[in-house]
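Q: Under the UniProt record's numbering, the first residue of the sequence shown is numbered 17, with each subsequent residue one higher. For glycine and all other residues, C-beta sits at the position ideal for the given N, C-alpha and C.
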Amino acid sequence: RLNQSSLLLFKNSNTSIRFSSTLNNNNDNDQQLKYYSLSQFPYPSGNLHMGHVRVYTMSDCVARLKRMQGYQVVHPMGWDAFGLPAENAAIDKQVSPALWTNQNIQQMTTQLKRLDLQFDWERELSTCSPDYYRWTQDIFLRLYSKGLAYRKHSPVNWDPVDQTVLANEQVDSQGRSWRSNALVERREMKQWYFKITEYADRLADDLDKLTGWPEDVKTMQREWIGRSVGALVDFTFGGDMTLTAFTTRPETLFGVTFLSVHYKHPILEKILEQTTGNSKMLIDKQKREQLQSVIEKIKQQQESAVPTSADKEPELIAIDTGVQIDTPTGGKVTLVVASTVLPDYGTGVVMGVPGHNPVDHNIAKLLNIPIRHVITRADNNNNNNNNTDNNDNSSPSPSDDLYDNKDGTLINSGSFNSLSIKDAIAKMISESIIKPSKSYRIRDWLLSRQRYWGTPIPIIHCDSCGEVPVPRDQLPVKLPTDIEFTGKGNLLNSLSDWKNCKCPKCGGSAQRETDTMDTFVDSSWYYLRFLDSKNQKEMFNKDIVNKLMPVDVYVGGIEHAILHLLYSRFFTKFLKDQGIIDHDEPFKVLLTQGLVKSPTYRDSTTGKPLYPKDVDFTTPKPINKLTGNLVNITLEKMSKSKLNGVDPNEMIDKYGSDTLKLYILFKAPPENSLEWDTDGIEGCRKWLKRVESLVSGYVAERNNGQISKVSDKWNTQLNSLRYDTHSSIEKVTESIDRYTFNTAISFLMTLSNQIGKYQNNVDDKSSREYLEALETLVVLLAPFAPNASQQLWTELKSIDNNNNNNNNTVVKIQKQRWPVASKECLALQQKTLVIQFNGKVKSVINVQSDQQQQSELETLAKEHMKDKMSKFEISKTFFSTTKAGYSINFIL
Ligand code: ANZ
Ligand code: ZN
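#1: Among 65, 647, 743, 749, which one has its Cα closest to the Cα of residue 618?
#2: Among 479, 558, 679, which has the Cα closest to the Cα of residue 521?
#3: Three or more C-beta pairs closer than 8 Å, one from the segment 179-187 and one from the segment 586-598: is that the case here?
#4: Quick check: the Cα distance between residue 902 and residue 851, rounded to an integer number of angstroms?
#5: Given a threshold of 16 other Cβ atoms within 10 Å of its Cβ, counted over all protein chains shown, does residue 602 qualify as buried or as exposed?
#6: Expressed to the nearest angstrom, what Euclidean distance is found between the alpha-carbon atoms of residue 808 and residue 715?
#7: Hey, how far is the Cα of residue 87 from the Cα of residue 494?
#8: Residue 318 to residue 507, Cα distance in whole Å?
#9: Using the Cα positions of residue 379 and residue 390, report the straight-line distance between them to the nearest angstrom.
#10: Could you check if residue 444 belongs to the surroundings of the ligand ANZ, using beta carbon to heavy atom distance under 8 Å?
#11: So, helix, strand or coil for residue 622, using DSSP?
#12: Let me know the beta strand (DSSP E) ranges lying completely inside the segment 476-536, each 3 residues or longer, listed in chain order.
#13: Check whether the Cβ atoms of residue 155 and residue 537 lie closer than 9 Å to each other.
#14: Measuring straight from C-alpha to C-alpha, what distance separates residue 73 and residue 124?
#15: Nearest by alpha-carbon distance to residue 367: which of 277, 287, 347 is it?
#16: Within its chain, find whatever has a CB closer than 6 Å to the CB of residue 113; leave out the 5 residues flanking it on each side and keep chain order.
#17: Based on the DSSP secondary-structure assignment, which residues constitute the bridge partners of residue 812?
#18: What's the call for residue 857, buried or exposed, on a 16-neighbour Cβ count within 10 Å?
#19: Buried or exposed: which applies to residue 638, given that a residue is buried once 16 or more other Cβ atoms fall within 10 Å of its Cβ?
#20: Excluding the five sequence neighbours on either side, which residues of its own chain have a C-beta within less than 7 Å of the C-beta of residue 17, listed in chain order?
#21: When you compare only the Cα positions, how much space is there between residue 49 and residue 393?
#22: Any idea if residue 409 is buried or exposed, counting beta-carbon neighbours within 10 angstroms, 16 or more meaning buried?
#23: Helix, strand or coil for residue 432 per DSSP?
#24: Where residue 606 and residue 690 are concerned, what is the direct C-alpha to C-alpha distance, given to the nearest angstrom?
#25: Does the Cβ-Cβ distance between residue 432 and residue 443 come in under 9 Å?
#26: For residue 525, count the other beta carbons within 10 Å of its own beta carbon; 16 or more makes it buried, fewer makes it exposed. Which is it?
#27: Using the three-state DSSP reduction, which class does residue 662 fall into: helix, strand or coil?
#28: Output the distance between the C-alpha atoms of residue 56 and residue 838, rounded to the nearest integer angstrom.
#29: Taking 7 Å as the limit between beta carbons, can you name the residues of its chain near residue 142, skipping five residues before and five after?
#30: Cutting at 6 Å between CB atoms, please list the residues of its own chain near residue 654, excluding the five before and the five after it.
#31: Relative to the alpha-carbon of residue 451, which residue among 249, 488, 426 has its alpha-carbon at the smallest distance?
#32: Buried or exposed: residue 406, going by 16 or more other Cβ atoms within 10 Å of its Cβ?
#33: Residue 337 and residue 353 look like a contact to me (Cβ under 8 Å); what is the Cβ gap, rounded to whole Å?
#34: Taking Cβ positions, are residue 718 and residue 829 nearer each other than 9 Å?
#35: Just the Cα atoms here: how many angstroms apart are residue 889 and residue 844?
#36: What number of angstroms, rounded off, separates the C-alpha of residue 457 from the C-alpha of residue 374?
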């Protein structure tokens with residue numbers, strides 16, 4: 017309570033919060049700001065889990081705030097509905113994938129609706145509906161016509177369980193399928209690819225624009241694209257043949273003592289078959305046999321289905337063929353075959369610089385190849401700082417060490433000696449010894465799947481015309497629905513009525529492509545279709561999309577950090593190039609939410625997970641009720657197989673959707689994992705009850721006349737409460753805008769505590785300040801607990817209505833305008849001024865926060881201590897600022 021109020025210099029304002037209900041969200045005003053809040057759409061498995069609830073609760077909270085702030089908000093929901101589980105269910109349960117999927121969608125829609133999330137259901141879409149996949153096919157054809165969709169023969173990852181090809185990204189580090197967990201095999205097959213490599217530079221460069229993305233996600237994308245800047249160097253042999261190497265360290269050219277190639281490099285065939293007629297490539301029979309056996313060994317190592325474990329380097333296998341190669345610097349080096357060379361990186365040819373590259377160093381040691389240093393060593397550099405005459409005289413000790421420093425000066429490099437690395441490279445380029453070049457790790461996107469339940473690839477194969485795209489006006493190529501599942505493999509292959517067709521070009525008999533698209537294709541553009549999902553004439557209306565894109569916040573799992581996001585960025589850039597959209601990045605802010613975890617109980621002997629009901633917690637250490645064995649408890653991601661899931665439905669039954677969502681947002685910041693505990697959710701329920709009783713208590717007292725009608729004047733005595741109200745508005749708004757929902761809720765809790773302090777004082781409760789605080793609390797609660805907020809708002813407004821004899825207005829909380837903190841009220845914050853006489857505290861008074869003038873504060877202090885001070889002379893005054901405010905010490 018303010019007992020020093022007479023000393024406060026009030027700049028009292030009459031600014032009150034306008035809780036006007038003037039919002040109109042359906043207003044199509046061009047001036048209205050937009051906000052697109054998107055959560056990753058779910059796969060319709062049939063079951064909503066806590067992970068889903070967490071994502072949608074976050075996007076909903078932001079969407080609600082933005083609506084109340086007057087934005088035109090997009091907050092859609094739909095279904096990523098193609099994919100294998102539907103097909104597996106069809107085989108297991110003899111139900112058609114379409115039916116199974118639709119049932120699941122219905123079931124999950126019901127569950128979602130129970131959560132009271134404010135989705136734009138009118139935008140709902142499903143990727144398996146012909147309305148949608150017709151446009152997925154359209155995008156495919158656009159890519160095809162630009163040469164960005166193509167088919168090629170290549171070794172692919174074959175999942176023997178699901179009987180389908182997998183993208184590299186769908187195979188884990190153990191060589192297992194991400195879905196079936198089967199060990200993946202290598203097979204040669206003809207497959208469809210999107211040329212995402214064409215966009216590699218833009219995908220890498222534009223990451224810098226994404227200031228709203230977490231750094232770790234951008235790093236993952238950067239590494240996945242794996243751009244290296246370097247140069248190409250030509251090596252020749254036999255006069256007319258060239259081997260080109262890609263290097264990131266062209267300045268080490270004079271240090272090359274061998275050239276290494278992949279075992280499948282075509283040059284080896286020529287050497288082995290001795291077909292070149294080039295005497296320089298001749299090797300004797302013994303060498304040939306050695307070479308063949310080493311090649312065989314490398315092949316076995318690399319094609320084995322069981323990869324070496326991640327922490328163990330595979331054994332280095334290499335052989336010196338003895339074939340001599342001419343270097344561009346006039347030297348001769350030997351040709352090596354090594355297991356370390358990747359077939360599809362750079363040119364597949366590596367210039368071996370054992371003096372400076374660790375891999376080459378190992379190869380040289382193994383094969384006894386000379387090691388030459390051509391860059392000064394890091395520590396030599398320092399020694400040579402004063403020695404500008406840095407030539408061969410200062411060459412390093414003739415050791416065979418590895419100098420892996422990346423800076424220094426050239427040595428042993430002829431006319432390049434004593435140049436800096438930068439200058440040496442520039443000179444090599446100007447003399448055309450090397451050619452600048454870039455290399456990328458990223459590969460083209462393998463999109464075809466040998467499965468039925470996916471978007472059909474709109475291509476027809478004709479014996480005379482070859483590959484013919486299905487004409488646009490014949491889209492969609494519909495999936496046949498009158499089907500019967502017999503077993504594994506691609507059902508479309510056996511549907512001859514569907515497969516056989518006429519060639520659109522020559523009219524002859526032809527066959528449809530039976531491969532379908534990976535579901536990652538479907539999900540690469542759904543955020544665009546959401547904006548105009550019912551459009552039957554075009555993919556979407558350009559103007560609508562250009563107004564509403566980009567997505568302002570995209571909430572989803574970190575498991576999509578690479579693929580889904582990279583593919584979506586690629587599609588966005590492509591559609592921009594097509595002139596269909598204006599922007600080239602789809603997601604402004606990316607919010608990656610952590611896992612939802614809960615305790616997993618495992619029998620310590622069998623290791624099997626147990627239901628909590630089967631664990632006896634009454635014993636000193638928990639034991640398995642069924643076996644009597646001790647139980648181990650660990651926190652793990654909720655999942656069916658671990659029996660540690662908490663069902664959203666049960667939680668809604670028990671606590672209601674408000675408490676559940678409030679708890680989920682309060683328990684942890686979005687990126688952290690959320691560790692489920694029952695006490696936490698109980699705590700949230702209690703807090704909501706407290707807020708309810710604050711409001712109900714007030715309403716009851718107003719209605720029965722215990723507290724009088726609210727004064728229309730502000731009461732300076734209650735400035736502290738006004739300050740709390742307005743600073744809560746500021747803090748809660750800012751927290752949601754930063755997606756730190758947990759802190760937003762704790763600010764609400766603080767405000768409710770502040771209000772609670774006035775609860776027993778009838779006079780205070782009759783003040784305008786008190787009502788303002790209560791109303792603010794209820795409005796600020798709306799994005800988190802909309803039902804409670806609505807109910808309390810109705811109660812509060814019923815008083816007004818009673819007074820006005822106007823009972824029939826229904827006040828919708830979500831139509832209220834979100835409050836804005838008043839600057840003047842924020843300046844009401846109090847600080848303390850400690851007054852001391854000779855270092856002893858005599859009094860503490862409250863002052864205003866912006867009252868920082870020392871002289872002003874001194875006057876205040878003297879005024880306050882007037883009575884006591886009159887007897888003394890002040891000899892000195894010490895002034896200081898403290899955490900809580902100011903301190904003044906009068907030396908008397
Ligand atoms: C000479 C050299 C000297 C290299 C030196 C490195 C250090 P990043 O940075 O990952 O792009 N390389 C090139 N093609 C390769 C292939 N197909 N398989 C395996 N290694 C290959 O790596 C580029 C470097 O990796 C290149 O630069 C090349 O070795 C090697 F002190 O060339 B370097
Ligand atoms: Zn034809």
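A: Quick look at the numbers:
#1: By one-based count along the sequence shown, residue 618 stands at place 602. Residue 647 is the option with its Cα nearest to residue 618.
#2: Within the sequence shown, residue 521 is the residue found at index 505, counting from 1. Measuring from the Cα of residue 521, the nearest candidate turns out to be 479.
#3: In this structure the segment 179-187 does not touch the segment 586-598; the number of beta carbon pairs closer than 8 Å is below three.
#4: The count along the sequence shown starts at 1 and reaches residue 902 at position 886. The count along the sequence shown starts at 1 and reaches residue 851 at position 835. A direct Cα-to-Cα measurement between residue 902 and residue 851 gives close to 9 Å.
#5: Translated into positions along the sequence shown, residue 602 becomes position 586. Buried: at least 16 other Cβ atoms inside 10 Å.
#6: Residue numbering aside, residue 808 sits at position 792 when the sequence shown is read from its first letter. Residue numbering aside, residue 715 sits at position 699 when the sequence shown is read from its first letter. A straight line joining the alpha-carbon of residue 808 with that of residue 715 spans about 10 Å.
#7: Counting from 1 along the sequence shown, the entry for residue 87 is found at position 71. Counting from 1 along the sequence shown, the entry for residue 494 is found at position 478. Straight-line measurement puts the Cα of residue 494 at about 39 Å from the Cα of residue 87.
#8: Within the sequence shown, numbered from 1, the residue matching residue 318 stands at position 302. Within the sequence shown, numbered from 1, the residue matching residue 507 stands at position 491. When the Cα atoms are used, residue 318 and residue 507 turn out to be separated by approximately 33 Å.
#9: Taking the first residue of the sequence shown as position 1, residue 379 is located at position 363. Taking the first residue of the sequence shown as position 1, residue 390 is located at position 374. The straight-line gap separating the alpha-carbon atoms of residue 379 and residue 390 is approximately 18 Å.
#10: As a first step, residue 444 must be located in the sequence shown, where it is residue number 428. Of the heavy atoms belonging to the ligand ANZ, none sits nearer than 8 Å to the Cβ of residue 444.
#11: Start at 1 with the first residue of the sequence shown, and residue 622 comes out as number 606. Under the three-state reduction of DSSP, residue 622 is assigned to coil, being neither helix nor strand.
#12: Whole beta strand (DSSP E) segments, 3+ residues: 482-485, 516-518, 525-528.
#13: To locate residue 155, count along the sequence shown from 1; it is residue 139. To locate residue 537, count along the sequence shown from 1; it is residue 521. Judged by their CB atoms, residue 155 and residue 537 are nearer to each other than the 9 Å cut-off.
#14: Locating residue 73 in the sequence shown gives position 57, where the first residue counts as 1. Locating residue 124 in the sequence shown gives position 108, where the first residue counts as 1. Our two residues, residue 73 and residue 124, have alpha carbons roughly 15 Å apart in a direct line.
#15: Locating residue 367 in the sequence shown gives position 351, where the first residue counts as 1. Ranking 277, 287, 347 by Cα distance to residue 367 puts 277 first.
#16: For the purposes of this step, residue 113 is taken as the residue at position 97 of the sequence shown. Excluding positions up to five away in sequence, the list reads 102, 103, 106, 469.
#17: Within the sequence shown, the letter at position 796 stands for residue 812. Beta-bridge analysis with DSSP links residue 812 to no other residue.
#18: Position 841 of the sequence shown, counted from the first residue, corresponds to residue 857. It is exposed - the Cβ of residue 857 has fewer than 16 other Cβ atoms within 10 Å.
#19: Translated into the one-based positions of the sequence shown, residue 638 becomes position 622. Burial is judged here by how many other beta carbons sit within 10 angstroms of a residue's own beta carbon; residue 638 has at least 16 and is buried.
#20: Position 1 of the sequence shown holds residue 17. In this prediction, residue 17 has a pLDDT of 26, which is less than 50 and means its spatial position is unreliable; what the coordinates show is noted afterwards. Answer for residue 17: no residue qualifies.
#21: Working through the sequence shown from its first residue, we reach residue 49 at position 33. Working through the sequence shown from its first residue, we reach residue 393 at position 377. Roughly 59 Å between the two C-alpha positions.
#22: On the sequence shown, position 393 is the one that residue 409 refers to. Annotation note: pLDDT 41 at residue 409 (below 50); position unreliable, no value reported.
#23: Here residue 432 refers to the residue found at position 416 when the sequence shown is read from its first residue. Looking at residue 432 - three-state DSSP - the assignment turns out to be helix.
#24: By 1-based counting over the sequence shown, the position of residue 606 is 590. By 1-based counting over the sequence shown, the position of residue 690 is 674. For residue 606 and residue 690, the gap between their C-alpha atoms comes out near 19 Å.
#25: If you number the sequence shown from 1, residue 432 lands on position 416. If you number the sequence shown from 1, residue 443 lands on position 427. In this structure, residue 432 places its C-beta atom within 9 Å of the C-beta atom of residue 443.
#26: As a working note, residue 525 is residue 509 in the sequence shown. It counts as exposed.
#27: Residue mapping note: residue 662 aligns to position 646 of the sequence shown, counting from 1. DSSP places residue 662 in coil when its eight states are reduced to three.
#28: In the sequence shown, the residue the question calls residue 56 occupies position 40. In the sequence shown, the residue the question calls residue 838 occupies position 822. In a straight line, the C-alpha of residue 56 is about 37 Å away from that of residue 838.
#29: Walking along the sequence shown from the start, residue 142 turns up at place 126. Only 94, 95, 97, 121, 148 meet the Cβ criterion.
#30: Translated into the one-based positions of the sequence shown, residue 654 becomes position 638. Hits under 6 Å: 66, 612, 614, 660, 661.
#31: Here residue 451 corresponds to residue number 435 of the sequence shown, with the count starting at 1. Nearest C-alpha to residue 451: 249.
#32: Within the sequence shown, numbered from 1, the residue matching residue 406 stands at position 390. Only weak support exists for where residue 406 lies, its pLDDT of 42 falling under 50; the value from the coordinates is given anyway. By the C-beta density criterion, residue 406 is buried, having at least 16 other C-beta atoms within 10 angstroms.
#33: The residue you call residue 337 lines up with position 321 of the sequence shown. The residue you call residue 353 lines up with position 337 of the sequence shown. The Cβ separation is near 6 Å, so the contact holds.
#34: One-based indexing of the sequence shown puts residue 718 at position 702. One-based indexing of the sequence shown puts residue 829 at position 813. Contact flag unset, no.
#35: Looking up residue 889 in the sequence shown gives position 873. Looking up residue 844 in the sequence shown gives position 828. Residue 889 and residue 844 have their C-alpha atoms roughly 34 Å apart.
#36: Position 441 of the sequence shown holds residue 457. Position 358 of the sequence shown holds residue 374. When the Cα atoms are used, residue 457 and residue 374 turn out to be separated by approximately 20 Å.
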